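Novice: Protein chains in written order, with numbering that gives the first Met the number 0: chain A, 0 to 167; chain B, 0 to 147. Just so it is clear, CB atoms sit at the ideal spot from N, CA and C, and this is done for glycine as well. Nothing here was measured: the structure is a model prediction, and the numbers come from that model. Can you keep this structure in mind? I'll have questions shortly.
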Amino acid sequence: MKIGKERKPLESKVDMTPMIDIVFQLLVFFIMTFKIVTMEGDFKVKMPIATTQDNKMDEVFPTVLHVKIAAGDTGGVAQVEVDTDGDNLQTFTNDWPGNLTAYVENVVAAVEGDPSTAQDTEVEFDIDFSLRYLHTVKAIESVSGIIQPDRSIKKLIEKIKFKSKSRD
Amino acid sequence: MGRKRKIKSGELLEADLTPMIDVTFQLIAFFMFLINFSEVDRAEEILLPSSQLAKPPTEIAKYQILMNLEPGGKVKFEGQSIEQIQFMTPIFRQEIDAAKREGVNADEISVIIRAHEDTPTGLVQELISVCQESELESFSLRVKEKIN
């Protein structure tokens, strides 16, 4: 009986070149469609339509800060006036964001320190039509919170609304 | 004297390309995880103001209306360009009807306004007023996140 010779296993070499071509095509596709977008955040403004409600005797009315921003010729900030329920009127021109934040901080500290007063504080903005939106956002930022040295955010006022105005 | 090895004619120098293919696959996997095909209605010409306090929203609204407002008063909404803010009223009606079909009331709709930084604030307020006339009351002013 003749015993067959041991044969070497067959080696098949698969040509990988087309696979590499496809891989590079895919890579180019993903690189071309990749888009770097900046993160965006929101400032919440709740403005319900005013409804008539019965006045409750024990209802706590919020402390309202009125911030009036006058626009200059080029849409910049000419002057910022702020008062608390009609009292303590202050006017800022230079470094108005910092001064506005300091004012709001004092008001919030006073409200929180006296439980008999209104627990909520709101800000009502009265802004000139022509003021650039950039400055409005800066004003909202100034009353919303402060970035502290340890990078945490101290929230000041969350309720923001705009006073209705007609076009000048 | 050392013997120099003669290079025979026709001999191919083969480089091992396996690491290159590995890195290429790594790159593909990286881009596949990061790529986002969803159509976010961001008008590229709108330059948003930036703020350190603005954080991305943590909760997704049940229904949202996202509008882009240009300095000239033109509103861009879902690919449409609306010349004047007052012409948005019928569009808001349609959106509110669509939201009601999904079980969302008008006061629960989140209105997101992406306004250019040079837009007069009065136009933003006008847009908010037109929204209020359609019983929309929850607004978000979108800004760019500034990282220091």
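(1) What residue range does the alpha helix (DSSP H) around R92 of chain B cover?
(2) According to DSSP, is S129 of chain A part of a helix, a strand, or is it coil?
(3) Based on Cα-Cα distance, which residue from A:S11, A:R131 and A:R150 lies nearest to T73 of chain A?
(4) In this structure, does DSSP put V36 of chain A in helix, strand or coil?
(5) Where does H115 of chain B fall in DSSP's three states?
(6) Tell whether a beta-carbon distance below 8 Å holds between L99 of chain A and S141 of chain A.
(7) Compute the Euclidean distance between the alpha carbons of P148 of chain A and M15 of chain A, then round it to the nearest angstrom.
(8) Kindly list the residues whose CB is nearer than 8 Å to the CB of K154 of chain A, restricted to its own chain and excluding five residues on each side of it in sequence; keep chain order.
(9) Evaluate contact between the stretch 13 to 28 of chain A and the stretch 113 to 121 of chain B, counting only Cβ atoms and requiring at least three cross-stretch pairs below 8 Å.
(10) Quick one: residues in its chain with C-beta nearer than 8 Å to the C-beta of I146 of chain B, no 5 flanking neighbours on either side, listed in chain order?
(11) Indicate the three-state DSSP secondary structure (helix, strand or coil) for D106 of chain B in the structure shown.
(12) Under the rule that 16 or more other beta-carbon atoms within 10 Å means buried, what is T90 of chain A, buried or exposed?
(13) Suppose contacts are defined by Cβ-Cβ distances below 8 Å. Is L64 of chain A in contact with V106 of chain A by that definition?
(14) Measure the C-alpha to C-alpha separation of I34 of chain B and T32 of chain A and round it to an integer number of angstroms.
(15) If we cut at 8 Å on Cβ distances, does L25 of chain A have a partner in chain B?
(16) At 9 Å on the CB atoms, spell out the chain B contacts of F91 of chain A, in chain order.
(17) Using a Cβ-Cβ cut-off of 6 Å (strictly less than) and excluding sequence neighbours within five positions of F124 of chain A, which residues of its own chain qualify?
(18) For I145 of chain A, which beta-bridge partners are listed by DSSP?
(19) Taking the alpha carbon of I146 of chain A as the reference point, which residue from B:D15, B:A28, B:A53 and B:T23 has its own alpha carbon closest?
(20) What are the start and end residues of the beta strand (DSSP E) that includes M66 of chain B?
(21) Using a Cβ cut-off of 9 Å, pull out every chain A residue sitting near L33 of chain B, in sequence order please.
(22) Going along chain B in order, which residues have a C-beta closer than 7 Å to the C-beta of S151 of chain A?
(23) So what does DSSP say about Q52 of chain A, is it helix, strand or coil?
(24) Can you tell me whether Q93 of chain B is buried or exposed? The criterion is at least 16 other CB atoms within 10 Å of its CB, across all chains shown.
(25) What's the gap between the Cα of N67 of chain B and the Cα of P17 of chain A?
(26) Name the residue from A:V79, A:A109 and A:L9 whose alpha carbon lies nearest to the alpha carbon of P96 of chain A.
(27) On the CB-based measure, 16 or more other CB atoms within 10 Å of its CB, does Q52 of chain A come out buried or exposed?
Specialist: Taking the definition as stated:
(1) T88 to R100
(2) coil
(3) A:R131
(4) coil
(5) coil
(6) yes
(7) 57 Å
(8) S143 and G144
(9) no
(10) Q51
(11) helix
(12) exposed
(13) yes
(14) 8 Å
(15) yes
(16) Within chain B, no residue comes near F91 of chain A; the closest Cβ sits about 18 Å away, beyond 9 Å.
(17) V66 and F161
(18) A:K153
(19) B:A53
(20) Q63 to L68
(21) F29 and F33
(22) Chain B residues near S151 of chain A: none, gap ~12 Å exceeds 7 Å.
(23) The pLDDT assigned to Q52 of chain A is 44, lower than 50, so where the model puts this residue is not dependable; a value taken from the coordinates is nonetheless given after this. Reduced to three states, the DSSP call for Q52 of chain A is coil.
(24) exposed
(25) 45 Å
(26) A:V79
(27) Because Q52 of chain A sits at a pLDDT of 44, beneath the cut-off of 50, its placement in the model cannot be relied upon, and the following sentence gives the value as read from the coordinates. Classification for Q52 of chain A: exposed.
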